[in-house]
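The structure appears right after this line, and notes come after that.
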């Protein structure tokens with residue numbers, strides 16, 4: 004397959020072994036520019052004790068956009084029985100987990116930050132439902148020289164995995180102008196969430212009101228505003244006081260940057276007691292960098 008590498012071959016070999024051992028036809032490598040896939044027997048009940056892996060591989064320099072037309076899996080608070088996992092890249096790396104889903108509420112629309120996306124469907128030995136149907140398509144392309152960027156992107160959504168990663172659109176390329184993305188990170192009740200920024204580069208200004216990331220201690224902008232970030236330095240780790248956290252990314256009409264990559268982790272108060280406490284509320288953080296020729300000033 005064009006655009007694949009040895010990891011794709013390894014994953015395909017793994018898929019083949021799973022299909023052979025279970026005797027269920029599902030999963031595979033999806034390399035067309037667009038297509039559809041569904042759980043086994045859809046729209047009938049999916050079989051028990053089944054695991055299927057789909058690897059979406061589009062042209063290098065593009066992203067994969069994933070949408071769900073129908074979703075109905077056995078419900079559990081932690082999605083431990085029947086579930087669908089979505090990964091930004093290869094599923095071997097749990098740090099790439101975008102979300103774990105079950106029940107009757109469809110996952111949000113997802114876009115990968117590069118040309119590979121993995122989807123794993125799992126059912127246990129009890130209780131079957133109708134399953135899911137999904138569609139994918141190739142998203143934005145990176146063009147160089149005299150050619151412009153194609154700015155098709157999807158961002159934001161509700162993330163329910165125990166851990167996962169979020170990035171600005173097109174990361175690690177520059178994010179688009181006039182973008183707005185909202186991620187709701189939702190852990191199980193009585194849990195807290197830790198958000199760790201691995202990379203951060205955005206347009207800078209004194210009040211962080213041009214391009215910024217804002218974090219709220221809850222699922223809406225009406226909840227406690229934890230902080231506001233822009234510039235070139237990574238923000239400190241953030242810990243929520245509840246089981247939900249809202250992360251909002253916004254860019255204005257000009258001047259951009261590489262954007263950000265962040266990981267989130269969730270657990271009970273006891274299991275994550277070693278985490279640093281939540282940051283002071285309602286502070287604006289200017290994290291280095293210049294804007295429109297201004298001189299960089301060091302904070303005392």
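In this note's numbering, the protein residues as written are 4 to 303.
For each residue, glycine too, the CB sits at the ideal point set by N, CA and C.
Terminal residues of the beta strand (DSSP E) in which residue 60 lies: Annotation: the continuous beta strand (DSSP E) that includes residue 60 extends over 53-60.
Whole-angstrom distance between residue 247 and residue 225, CA atom to CA atom: Approximately 13 Å between the Cα atoms of the pair.
Strand pairing of residue 241, partner residues [DSSP]: Paired residues: 198.
Residue burial classification, residue 167 (beta-carbon count within 10 angstroms, cutoff 16): With 16 or more Cβ atoms within 10 Å of its Cβ, residue 167 is classed as buried.
Exposed unless 16 or more other CB atoms sit within 10 angstroms - verdict on residue 192: By the Cβ neighbour-count rule, residue 192 is exposed, with fewer than 16 other Cβ atoms within 10 Å of its own.
Endpoints, beta strand (DSSP E) assigned at residue 184: For residue 184, the enclosing beta strand (DSSP E) has its first and last residue at 183-189.
Spatial distance of residue 278 from residue 197 (CA atoms): Confidence is the limiting factor: at residue 278 the pLDDT is only 46, short of 50, which leaves the residue's position unreliable and the question unanswerable from this model.
Strand pairing of residue 39, partner residues [DSSP]: For residue 39, which the question treats as bridged, DSSP gives the partners 138.
Inter-residue Cα distance where the pair is residue 122 and residue 214: Spanning the two alpha carbons is a distance of roughly 32 Å.
Residue 81 burial status per 10 Å Cβ neighbour count (16 or more: buried): Residue 81 is exposed by the Cβ-count criterion.
Alpha-carbon spacing of residue 63 relative to residue 140, whole angstroms: Taking C-alpha positions only, residue 63 is separated from residue 140 by approximately 13 Å.
For residue 119, the residue or residues it bridges with in DSSP: Bridge pairing for residue 119: 60 [DSSP].
Nearest neighbour of residue 84, chosen from 33, 124, 259 [CA to CA]: Cα-wise, what sits closest to residue 84 is 124.
At least three beta-carbon pairs within less than 8 Å, the stretch 101-119 to the stretch 45-54: At 8 Å Cβ cutoff, the stretches do not touch.
Whole-angstrom distance between residue 114 and residue 174, CA atom to CA atom: Between residue 174 and residue 114, the C-alpha separation is close to 11 Å.
Buried/exposed call for residue 129, threshold 16 Cβ in 10 Å: When all chains shown are included, residue 129 counts as exposed.
Touch test, the stretch 247-259 against the stretch 207-223, Cβ-Cβ under 8 Å, three pairs minimum: Taking 8 Å as the limit for Cβ pairs, the verdict is that the stretch 207-223 does touch the stretch 247-259.
Nearest to residue 30 (by Cα), restricted to the options 53, 111, 180: For residue 30, the nearest C-alpha among the options comes from 53.
Length of the line joining the Cα atoms of residue 67 and residue 61: In a straight line, the C-alpha of residue 67 is about 7 Å away from that of residue 61.
Residue environment, residue 88, which counts as buried when at least 16 other CB atoms sit within 10 Å: By the 10 Å Cβ count, residue 88 comes out buried.
Through-space distance from residue 41 to residue 76, alpha-carbon basis: Taking the straight line joining both Cα atoms gives about 12 Å.
For residue 138 and residue 199, the rounded distance between their alpha carbons: Residue 138 has its alpha-carbon roughly 31 Å from the corresponding atom of residue 199.
Where residue 220 falls, given that 16 or more other Cβ within 10 Å makes a residue buried: The residue is buried, with at least 16 neighbouring Cβ atoms inside 10 Å.
For residue 216, the residue or residues it bridges with in DSSP: Residue pairing of residue 216 in beta bridges, as defined by DSSP: 232, 252.
Closest Cα partner of residue 127 within the set 34, 55, 210: Looking at the Cα atoms, 55 is the closest of the given residues.
Chain-order list of residues whose beta-carbon lies under 6 Å from that of residue 39 (same chain, five-residue window excluded): Closer than 6 Å at Cβ, skipping near neighbours: 138.
Cβ-based burial, residue 51 [other Cβ within 10 Å; buried from 16]: Classification of residue 51: exposed, given that the 10 Å Cβ count is below 16.
Delimiting residues of the beta strand (DSSP E) encompassing residue 86: Segment 86-90, the beta strand (DSSP E) holding residue 86.
Check whether residue 172 and residue 184 have beta carbons under 8 Å apart: Yes, Cβ-Cβ distance for residue 172 and residue 184 is below 8 Å.
DSSP bridge partner residues for residue 166 (one or two, in chain order): According to DSSP, residue pairing for residue 166 in a beta bridge involves 268.
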